[in-house]
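These notes concern the structure reproduced below.
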Amino acid sequence: MPNPGHPPAPADFTQGIPPLDELLAGAHVVSLPMRVKFRGIVQRESLLLRGSRGWGEFCPFPEYGDAEASRWLAAAIEAGWEGFPAPLRTSIPVNATVPAVSADRVPDVLARFGRVDAVKVKVAEQGQSLDDDVARVSAVRAALPDAAVRVDANGGWDVPGAVEALTRLAPVGLEYAEQPVAAIEGLAEVRARLRDAGTPVLIAADESVRKETDPLRVARAGAADLIVVKVAPLGGVRRALDLVAQAGLPAVVSSALDTSVGIRAGLALAAALPDLPYACGLGTVSLFESDVTLDPLVADDGAIRLRDVSADTGLLERFAAPAERRDWWLDRLRRIHSLLAPSTAP
Numbered sequence: 002m003p004n005p006g007h008p009p010a011p012a013d014f015t016q017g018i019p020p021l022d023e024l025l026a027g028a029h030v031v032s033l034p035m036r037v038k039f040r041g042i043v044q045r046e047s048l049l050l051r052g053s054r055g056w057g058e059f060c061p062f063p064e065y066g067d068a069e070a071s072r073w074l075a076a077a078i079e080a081g082w083e084g085f086p087a088p089l090r091t092s093i094p095v096n097a098t099v100p101a102v103s104a105d106r107v108p109d110v111l112a113r114f115g116r117v118d119a120v121k122v123k124v125a126e127q128g129q130s131l132d133d134d135v136a137r138v139s140a141v142r143a144a145l146p147d148a149a150v151r152v153d154a155n156g157g158w159d160v161p162g163a164v165e166a167l168t169r170l171a172p173v174g175l176e177y178a179e180q181p182v183a184a185i186e187g188l189a190e191v192r193a194r195l196r197d198a199g200t201p202v203l204i205a206a207d208e209s210v211r212k213e214t215d216p217l218r219v220a221r222a223g224a225a226d227l228i229v230v231k232v233a234p235l236g237g238v239r240r241a242l243d244l245v246a247q248a249g250l251p252a253v254v255s256s257a258l259d260t261s262v263g264i265r266a267g268l269a270l271a272a273a274l275p276d277l278p279y280a281c282g283l284g285t286v287s288l289f290e291s292d293v294t295l296d297p298l299v300a301d302d303g304a305i306r307l308r309d310v311s312a313d314t315g316l317l318e319r320f321a322a323p324a325e326r327r328d329w330w331l332d333r334l335r336r337i338h339s340l341l342a343p344s345t346a347p
């Protein structure tokens, strides 16, 4: 959802920003087809930037305002011009992701991920019922009896609806429920009601971290048992590491429907966290028909090996966005660069 009230980028986001001409010189806009509709998307557009240290990805969803999207550009610049912190691990466990498909399509979706020990299932999609959600989650459990199963509502329920849904889903065995309702106060209420009823479902906060003016408010409010962190919406790997340290809650690293270039940044965050108690939501490249690299960051035996990636010229050309979409993204880049580096804006 748009968030026009999202605050401008903090002052530290404006340090070390390359000149606009340097960003434009290495910019490539692509449009990748999805295997299945995800968040209502059938084509994922992204602007890739080639920097002095590697590749960065800038792909805030089109409805996001410029101030919110400025964090995504800061993250892309970190990846392309600054590089990543030293890793503590070189293999990152990942979950499969099942979009809001019908239950009979679940086996086909899971087959694309190979062997996994954890699955995230999208629920509370507009136009679908709770019965649809229960059937989808049950199909995942039937296919993978021993896997950790988590659900993600993207804030799609209200408090009574979330309590009802999670009470029905709990017998399937849920690792946690991600963002069952939109508001932090609602998260706290859902968490308290489930606890009081003896329903064993942990609550994870995603949008309540990355879209809040104060991303630590959810932790201070006791509204979640764990937090979901994504590199791009938080402004980069180092800022995400700092947030996790301040929040004092277990963290799950997840993607923002990135190509392998963006997934590389997510892997860098997961590799640098002192503790990594949950499989990461970084296996989403499998949701694309293709990728921008010849060495896509996909899971092998439930994990992704930490490694660098480079965008392939042939794939960039093959999946180049139409001219009008390329112009739209480059105009967006110009506007947002002026927010991060106003003194150098044309």
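Add 1 to the 1-based position in the sequence shown for our numbering, that's all there is to it. Cβ atoms here follow ideal geometry from the backbone N, Cα and C, with glycine treated the same way. These numbers were taken from a predicted model, which means no experiment stands behind them.
Simplified DSSP assignment, three categories, for Trp330: By one-based count along the sequence shown, residue 330 stands at place 329. Reduced to three states, the DSSP call for Trp330 is helix.
Coil, strand or helix - Val110 by DSSP: Taking the sequence shown and counting its residues from 1, one reaches residue 110 at position 109. Reduced to three states, the DSSP call for Val110 is helix.
Inter-residue spacing [alpha-carbon to alpha-carbon] between Asp292 and Ala198: The residue labelled residue 292 in the question sits at position 291 within the sequence shown. The residue labelled residue 198 in the question sits at position 197 within the sequence shown. Cα to Cα, Asp292 sits roughly 45 Å from Ala198.
Assigned exposure category for Leu274 - 16 Cβ within 10 Å defines buried: Within the sequence shown, numbered from 1, the residue matching residue 274 stands at position 273. It is buried - the Cβ of Leu274 has at least 16 other Cβ atoms within 10 Å.
Bridge-paired residues (DSSP) for Thr98: To locate residue 98, count along the sequence shown from 1; it is residue 97. Note: Thr98 sits in a beta bridge opposite Lys121.
Cβ-Cβ distance between Pro108 and Ala149 below 7 Å: Your numbering for residue 108 matches position 107 in the sequence shown. Your numbering for residue 149 matches position 148 in the sequence shown. Against a cut-off of 7 Å, the Cβ pair of Ala149 and Pro108 comes out as no contact.
Nearest candidate by alpha-carbon position, reference Leu283, set Val245, Ala70, Ala225 and Ala119: Residue mapping note: residue 283 aligns to position 282 of the sequence shown, counting from 1. It is Ala119 whose Cα lies nearest to the Cα of Leu283.
Neighbourhood of Ile305 by C-beta distance below 8 Å, restricted to the same chain and skipping five residues each side: Along the sequence shown, one-based indexing puts residue 305 at 304. Around Ile305: Ser92, Ile93, Val95, Ile264, Leu268, Leu283, Gly284, Leu298 and Val299.
According to DSSP, residues forming a beta bridge with Cys281: Here residue 281 refers to the residue found at position 280 of the sequence shown. Bridge partners of Cys281: Val95.
Under the three-state DSSP convention, the category Val150 falls into: Here the question's residue 150 lines up with position 149 in the sequence shown. It is a strand residue.
Short Cβ contact (7 Å threshold) for Gly236 with Ala75: In the sequence shown, counting from the first residue as 1, residue 236 sits at position 235. In the sequence shown, counting from the first residue as 1, residue 75 sits at position 74. Yes, these two residues count as a Cβ contact at 7 Å.
Nearest residue (CA-CA) to Gly303, options Gly55, Glu69, Thr98 and Arg240: Taking the first residue of the sequence shown as 1, we reach residue 303 at position 302. Checking every option, the nearest Cα to that of Gly303 belongs to Thr98.
Among Phe320, Glu318, Ser103 and Val160, nearest to Gly187 - alpha-carbon criterion: Position 186 of the sequence shown, counted from the first residue, corresponds to residue 187. Of the candidates Phe320, Glu318, Ser103 and Val160, the one whose C-alpha sits nearest the C-alpha of Gly187 is Val160.
Straight-line Cα distance separating Ser311 from Pro347: Here residue 347 is taken as the residue at index 346 of the sequence shown, counted from 1. Here residue 311 is taken as the residue at index 310 of the sequence shown, counted from 1. With a pLDDT of 46 at Pro347, under the threshold of 50, the modelled position of that residue is not reliable, and no figure is offered here.
Start-end ranges of the beta strand (DSSP E) lying completely within the region 226-287, minimum 3 residues: 227-230 and 252-254
Buried or exposed (CB count within 10 angstroms, at least 16 for buried), Ala246: For the purposes of this step, residue 246 is taken as the residue at position 245 of the sequence shown. Counting every other CB atom within 10 Å of its CB across the protein chains shown gives Ala246 a total below 16, marking it as exposed.
Gln44 versus Arg36, Val102 and Arg51, residue with shortest Cα-Cα distance: Start at 1 with the first residue of the sequence shown, and residue 44 comes out as number 43. The candidate whose alpha carbon is nearest that of Gln44 is Arg36.
Unbroken alpha helix (DSSP H) run spanning Gly187, endpoints: Locating residue 187 in the sequence shown gives position 186, where the first residue counts as 1. Its alpha helix (DSSP H) spans residues Ile185 to Asp197.
Cβ neighbour criterion (16 or more within 10 Å) applied to Leu295: Translated into positions along the sequence shown, residue 295 becomes position 294. With fewer than 16 Cβ atoms within 10 Å of its Cβ, Leu295 is classed as exposed.
Within 7 Å, strictly: CB atoms of Val254 and Ile228: Indexing the sequence shown from 1 puts residue 254 at position 253. Indexing the sequence shown from 1 puts residue 228 at position 227. No, they are not a contact pair.
Per-residue burial, Ala193 [other beta carbons within 10 Å of its own, 16 or more giving buried]: Taking the first residue of the sequence shown as position 1, residue 193 is located at position 192. The residue is exposed, with fewer than 16 neighbouring Cβ atoms inside 10 Å.
C-beta atoms of Ala252 and Val230 nearer than 7 Å: Taking the sequence shown and counting its residues from 1, one reaches residue 252 at position 251. Taking the sequence shown and counting its residues from 1, one reaches residue 230 at position 229. Yes, Cβ-Cβ distance for Ala252 and Val230 is below 7 Å.
Proximity of Ala68 and Leu48 at Cβ, strictly below 7 Å: Counted from its first residue, the sequence shown places residue 68 at position 67. Counted from its first residue, the sequence shown places residue 48 at position 47. Against a cut-off of 7 Å, the Cβ pair of Leu48 and Ala68 comes out as no contact.
Same chain only: Cβ atoms within 6 Å of His338, ignoring 5 sequence neighbours per side: For the purposes of this step, residue 338 is taken as residue 337 along the sequence shown, with counting starting at 1. Correct list, in chain order: Leu21.
Helix, strand or coil at Ala178 [DSSP, three-state]: By 1-based counting over the sequence shown, the position of residue 178 is 177. In this structure, Ala178 counts as strand in the three-state DSSP scheme.
Buried versus exposed, by CB contacts within 10 Å (16 or more), Pro348: With the chain represented from 2 up to 347, any question about residue 348 goes unanswered, as that position is not in the structure.
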